[in-house]
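Taking it in order: structure first as structure tokens, then the write-up.
Following this line, the structure appears as structure tokens:
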């Protein structure tokens with residue numbers, strides 16, 4: 015069970031993560047130890063983050079070397095709010111593309127677009143990334159940013 019800190023309780027964090035269709039930023043380490051940040055689609059499912067990417071992605075290779083990650087899911091427009099934290103990633107094949115299909119439907123509102131068809135192509139080997147959060151910190155600057163123009 016992760017530790018929840020910051021502005022929101024666990025229920026509020028989960029509501030934000032279920033509602034927000036913004037990507038997650040995952041920070042990991044390359045094999046030489048230097049940091050690496052990748053932005054991917056996610057769904058918050060059973061208390062963790064699920065993502066999918068091609069088996070050949072650098073992120074998969076880096077996570078196989080070091081599964082410890084940090085993450086950030088936050089708005090880019092005023093008022094700024096979101097969650098960040100750390101945890102451990104596990105990898106497994108998304109053979110039937112269950113996670114990828116859920117992500118395509120979440121972010122593209124269906125599977126009828128050219129991008130959706132390309133992503134769901136049978137020739138692509140997908141990996142399911144699951145991040146089990148250890149610590150989740152939330153922040154919400156809505157009150158202090160009231161009346162601020164976000165243009």
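Residue numbers (the numbering used here): 15 to 165. Ideal Cβ positions, reconstructed from N, Cα and C, are used throughout, including at glycine. Bear in mind the structure is a predicted one, so any value in this text is a computation, not a measurement.
Could you give the DSSP three-state label for residue i: helix, strand or coil?
{"i": "residue 34", "result": "coil"}
{"i": "residue 116", "result": "helix"}
{"i": "residue 134", "result": "coil"}
{"i": "residue 56", "result": "coil"}
{"i": "residue 67", "result": "strand"}
{"i": "residue 142", "result": "strand"}
{"i": "residue 109", "result": "coil"}
Which residues share a DSSP beta bridge with residue i?
{"i": "residue 96", "result": "88 and 153"}
{"i": "residue 50", "result": "42"}
{"i": "residue 101", "result": "83 and 147"}
{"i": "residue 62", "result": "59"}
{"i": "residue 20", "result": "152"}
Taking the straight line between their C-alpha atoms, what separation do you get for residue i and residue j?
{"i": "residue 83", "j": "residue 130", "result": "27 Å"}
{"i": "residue 119", "j": "residue 108", "result": "16 Å"}
{"i": "residue 142", "j": "residue 156", "result": "34 Å"}
{"i": "residue 90", "j": "residue 153", "result": "13 Å"}
{"i": "residue 41", "j": "residue 19", "result": "20 Å"}
{"i": "residue 21", "j": "residue 137", "result": "44 Å"}
One question on the structure: do residue i and residue j come within less than 8 Å of each other, judged by their Cβ atoms?
{"i": "residue 50", "j": "residue 117", "result": "no"}
{"i": "residue 31", "j": "residue 52", "result": "no"}
{"i": "residue 64", "j": "residue 113", "result": "yes"}
{"i": "residue 139", "j": "residue 86", "result": "no"}
{"i": "residue 100", "j": "residue 149", "result": "yes"}
{"i": "residue 75", "j": "residue 105", "result": "no"}
For residue i, count neighbouring C-beta atoms within 10 Å of its own C-beta (all shown protein chains included) and say buried if the count is 16 or more, exposed if not.
{"i": "residue 67", "result": "buried"}
{"i": "residue 44", "result": "exposed"}
{"i": "residue 29", "result": "exposed"}
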